[in-house]
Amino acid sequence: MTHPDQDPVAFAAMTGSGLVGASVIGGTVLVPAAVLIVIAEGVRLRSFIFHVAAAGGIAFLVWTLGAGSGTSDWRPGSAVVLAAGFLAGAVYWLIAGRTSGGWHGQNEPAGKRRV
């Protein structure tokens with residue numbers, strides 16, 4: 443990796459390819475993530491384990507899309523991808539997942555509702 447002062451063109455290319463790569467990955471995981479979010483909201487899944495496992499699973503599935511067939515070994519970097527997916531699921535759970543399905547309202551009698 444070069445310093446921006448040494449080669450500004452290489453730095454701009456590296457930054458641009460990073461932004462494009464992040465956009466492609468984000469677009470790839472958008473549909474599977476949206477499906478799992480709709481399921482979690484519909485059945486009020488607030489489990490930390492569900493959100494972490496779902497994000498890790500999506501990350502690993504996207505990671506294995508480009509893997510060549512014929513070998514049973516994991517691709518190099520699979521542990522990093524799983525860790526990143528698990529971390530993404532934990533962050534999503536902190537931001538929105540722990541209140542999943544809260545828009546449904548309470549099913550408890552009026553006298554026992556939490557405020």
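Going by my numbering, the sequence shown opens with residue 443, and the numbers climb by one from there. Here a beta-carbon is modelled for each residue, glycine too, at the ideal position from N, C-alpha and C.
Check, Outcome
"Three or more C-beta pairs closer than 8 angstroms, one from the segment 452-461 and one from the segment 495-504: is that the case here?", "no"
"I think residue 470 touches residue 523, with their Cβ atoms under 8 angstroms apart; what is that distance to the nearest whole Å?", "Not quite, the Cβ-Cβ distance comes to about 13 angstroms (not below 8 angstroms), so this is no contact."
"Apart from the five residues just before and just after residue 551, which ones in its own chain have a Cβ nearer than 6 angstroms to its Cβ?", "Note that residue 551 scores a pLDDT of 48, beneath 50, so its modelled location is shaky and nothing firm can be said."
"Cutting at 6 angstroms between CB atoms, please list the residues of its own chain near residue 543, excluding the five before and the five after it.", "483, 486"
"So, residue 531 versus residue 519, is the Cβ gap smaller than 9 angstroms?", "no"
"Can you find the residues in the same chain that come closer than 8 angstroms, C-beta to C-beta, to residue 541, ignoring five residues on each side of it along the sequence?", "488"
"Give me the Cα-Cα distance between residue 516 and residue 502, rounded to the nearest whole angstrom.", "10 angstroms"
"Report the three-state DSSP secondary structure of residue 485 (helix, strand or coil).", "coil"
"If we count the other Cβ atoms within 10 Å of its Cβ and call it buried at 16 or more, is residue 500 buried or exposed?", "buried"
"Between which two residues does the alpha helix (DSSP H) containing residue 445 stretch?", "Residue 445 -> no alpha helix (DSSP H), and no H or E assigned at all."
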